[in-house]
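Peer 1: Using this note's numbering, the letters of the sequence shown map in sequence onto residues 46 to 409.
We put the CB at the ideal spot given by N, CA and C, even for glycine.
Got a structure for you, questions after.
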Amino acid sequence: MSEPDPRRSTTRKRRRTLIVIAVALAVLVPAGTHLALAYGNRPLAVTDGQRATMSDEAVRFLAEMRPLFLPDALTSVLVTSDRLIQERQNFAAQEKIVEDELIARYGLTLDRETIGGVPVTVVTPPAIAPDRRNQIAINIHGGGFFLGTARDRVGLLMAHELGVRVYSIDYTLAPEARYPRAVNESLAVYRELVRRHSPADIVGVASSAGGNLLTATVLKAKAEGLPMIAALALFTPVTDLTGVGDSVAANDRRDGLVANLRVEVPARFYAGDEPLNSPGISPVYADYDADFPPTVLTTGTRDLNLSDIVRLTWRLDDAGVETRLLVSEGMWHGFHWEPALPEAIQARADAVEFLRDRLAVPAR
Numbered sequence: 046m047s048e049p050d051p052r053r054s055t056t057r058k059r060r061r062t063l064i065v066i067a068v069a070l071a072v073l074v075p076a077g078t079h080l081a082l083a084y085g086n087r088p089l090a091v092t093d094g095q096r097a098t099m100s101d102e103a104v105r106f107l108a109e110m111r112p113l114f115l116p117d118a119l120t121s122v123l124v125t126s127d128r129l130i131q132e133r134q135n136f137a138a139q140e141k142i143v144e145d146e147l148i149a150r151y152g153l154t155l156d157r158e159t160i161g162g163v164p165v166t167v168v169t170p171p172a173i174a175p176d177r178r179n180q181i182a183i184n185i186h187g188g189g190f191f192l193g194t195a196r197d198r199v200g201l202l203m204a205h206e207l208g209v210r211v212y213s214i215d216y217t218l219a220p221e222a223r224y225p226r227a228v229n230e231s232l233a234v235y236r237e238l239v240r241r242h243s244p245a246d247i248v249g250v251a252s253s254a255g256g257n258l259l260t261a262t263v264l265k266a267k268a269e270g271l272p273m274i275a276a277l278a279l280f281t282p283v284t285d286l287t288g289v290g291d292s293v294a295a296n297d298r299r300d301g302l303v304a305n306l307r308v309e310v311p312a313r314f315y316a317g318d319e320p321l322n323s324p325g326i327s328p329v330y331a332d333y334d335a336d337f338p339p340t341v342l343t344t345g346t347r348d349l350n351l352s353d354i355v356r357l358t359w360r361l362d363d364a365g366v367e368t369r370l371l372v373s374e375g376m377w378h379g380f381h382w383e384p385a386l387p388e389a390i391q392a393r394a395d396a397v398e399f400l401r402d403r404l405a406v407p408a409r
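Okay, here's the thing in structure tokens:
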């Protein structure tokens, strides 16, 4: 009898190992685990030297964060349309707790309208200063193009901190909708609001994927000949879907946002047939001129999108657009929406100051 081929035995062992890993991950990554900001894997590393330059609250937050790191080979298997929709439902249920608390704490009123054929949530603070009564903000929520609602924290926080009514767009999410539907819906709302209000009385605010959509919307509005609004605040925006840039590699496993998921989800479920370097879905590649609204951008030294945001800032600056880049020490993607985090409070306050300084002051 011939001796068994050791190479075949090794191959079988490797195959069994891969099957065991796949099954284990399928069990350990249930539909209820948030794919991009999941808890339950391993903590992010924070050294004593890093702690020295961050607030105690930020250090505790990082210690509790458990991003989910999936091997590249398994993301296409585990990340499906059905799972994204389930993630959305779970995320909304958890966020509702925080949103309800913010609404009650700040005495906010929420109303639903249809503007330009698109559902919008209007967030109104309990008291608006006389010189701000005609001023509004347009908010486009974040969530990787597949999560989130128009009740998002940033819209609520901006209504309170900016002190104006916020029109938060309830755009259609991926995977049900691919590019350019969300941009077109946002443009329809923009078009109607600049007709109802003086553009000098309007600012735009947006987070993460919402920052991508807001930038693309304003670019499309400009191409259509619509008037430009007073200013934009882009909080840790996603500006490049191609996945290039230093921070995508350098900050992977330092941020709560995970590189392979950050790249793969938009590419597979949002971009559709559009090339990933198209200006419509990767605004860092768009052409700008000095008529683009003044823009403040926030990011953090741990933000996976840091490079994309720096590159967009330089493109705007080179075009003559008034810009301000706020880089917060030790902060991660989406840190700005934590209501009580000192670094988030500071970043939002500076962004609010930028917006207020560019809004028309006299009441009309």
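1) So, helix, strand or coil for Tyr315, using DSSP?
2) Tell me the DSSP bridge mates of Leu342?
3) Looking at the secondary structure, which residues open and close the beta strand (DSSP E) in which Arg157 lies?
4) Measuring CA to CA, which of Val239, Leu238 and Ile181 is closest to Val211?
5) Could you give the residue range of the alpha helix (DSSP H) that holds Tyr235?
6) Throw me the rounded Cβ distance for the Ala278 and Val341 pair, which I believe falls under 8 angstroms.
7) Is it the case that the region 136-153 contacts the region 189-197, given that we only count it when at least three CB pairs across the two stretches are under 8 angstroms?
8) I'd like the list of long-range same chain contacts for Trp382, defined as Cβ closer than 6 angstroms, with 5 residues on each side in sequence excluded.
9) Cβ of Val308 within 9 angstroms of Cβ of Thr344?
10) Identify every run of the beta strand (DSSP E) within the region 244-300, keeping only runs that are complete inside it and at least 3 residues long; order them along the chain.
11) Quick check: the Cα distance between Gln391 and Asn350, rounded to an integer number of angstroms?
12) If you draw a straight line from the C-alpha of Asp291 to the C-alpha of Leu321, how long is it?
13) Look at the Cβ atom of Asp215, then the Cβ atom of Val165, and state whether they are nearer than 9 angstroms.
14) Going straight from the alpha carbon of Leu70 to that of Ala118, what length do you get?
15) In terms of alpha-carbon separation, which member of Ala405, Pro220 and Ala268 lies closest to Asp127?
16) Can you tell me where the alpha helix (DSSP H) holding Ala392 begins and where it ends?
17) Does Ser100 come out as helix, strand or coil in the three-state DSSP assignment?
18) Among residues of its own chain, excluding the 5 on either side of Gly288, which ones have a beta-carbon nearer than 6 angstroms to its beta-carbon?
19) Across which residues does DSSP place Thr166 in a beta bridge pair?
20) Quick check on Lys141: buried or exposed, where buried means 16 or more other Cβ atoms within 10 Å of its Cβ?
21) Please say whether Gly188 and Phe280 have beta carbons closer to each other than 9 angstroms?
Peer 2: According to the data block:
1) On the sequence shown, position 270 is the one that residue 315 refers to. Note: Tyr315 maps to coil in three-state DSSP.
2) Counting from one through the sequence shown, the residue named residue 342 turns up at place 297. In DSSP, Leu342 forms a bridge with Leu279 and Leu370.
3) For this step, residue 157 is matched to residue 112 along the sequence shown. For Arg157, the enclosing beta strand (DSSP E) has its first and last residue at Thr154 to Ile160.
4) Here residue 211 refers to the residue found at position 166 of the sequence shown. The residue with the shortest Cα to Cα distance from Val211 is Ile181.
5) Translated into the one-based positions of the sequence shown, residue 235 becomes position 190. It spans Arg226 to Arg241 - the alpha helix (DSSP H) in which Tyr235 sits, taken as one unbroken run.
6) For the purposes of this step, residue 278 is taken as residue 233 along the sequence shown, with counting starting at 1. For the purposes of this step, residue 341 is taken as residue 296 along the sequence shown, with counting starting at 1. Rounded, the Cβ-Cβ distance is 5 angstroms, consistent with contact.
7) yes
8) Taking the sequence shown and counting its residues from 1, one reaches residue 382 at position 337. Same-chain partners within the cutoff: Arg198 and Val199.
9) In the sequence shown, residue 308 corresponds to position 263, counting from 1. In the sequence shown, residue 344 corresponds to position 299, counting from 1. It is not a contact, given that the beta carbons lie outside the stated cut-off.
10) Correct list: 247-252 and 276-280.
11) The residue labelled residue 391 in the question sits at position 346 within the sequence shown. The residue labelled residue 350 in the question sits at position 305 within the sequence shown. Answer to the nearest angstrom: the Cα atoms are 20 angstroms apart.
12) For the purposes of this step, residue 291 is taken as the residue at position 246 of the sequence shown. For the purposes of this step, residue 321 is taken as the residue at position 276 of the sequence shown. Their Cα atoms are separated by approximately 18 angstroms.
13) Stepping through the sequence shown from its first residue, residue 215 is reached at position 170. Stepping through the sequence shown from its first residue, residue 165 is reached at position 120. It is a contact, given that the beta carbons lie within the stated cut-off.
14) Residue 70 sits at position 25 when you count from the first residue of the sequence shown. Residue 118 sits at position 73 when you count from the first residue of the sequence shown. Residue placement at Leu70 cannot be trusted, given a pLDDT of 35 that sits under 50; what the coordinates show is reported in the next sentence. Their backbone Cα atoms lie some 12 angstroms apart in a straight line.
15) For the purposes of this step, residue 127 is taken as residue 82 along the sequence shown, with counting starting at 1. For Asp127, the nearest C-alpha among the options comes from Pro220.
16) Indexing the sequence shown from 1 puts residue 392 at position 347. Start and end: Pro387 to Arg403.
17) Your numbering for residue 100 matches position 55 in the sequence shown. Secondary structure of Ser100 (DSSP, three-state): coil.
18) As a position in the sequence shown, residue 288 is number 243, starting the count at 1. Correct list, in chain order: Val308.
19) The residue you call residue 166 lines up with position 121 of the sequence shown. Its beta-bridge partners are Arg157 and Ser213.
20) In the sequence shown, the residue the question calls residue 141 occupies position 96. Its Cβ having fewer than 16 others within 10 Å, Lys141 is exposed.
21) Taking the first residue of the sequence shown as 1, we reach residue 280 at position 235. Taking the first residue of the sequence shown as 1, we reach residue 188 at position 143. Going by C-beta atoms, Phe280 is not nearer than 9 angstroms to Gly188.
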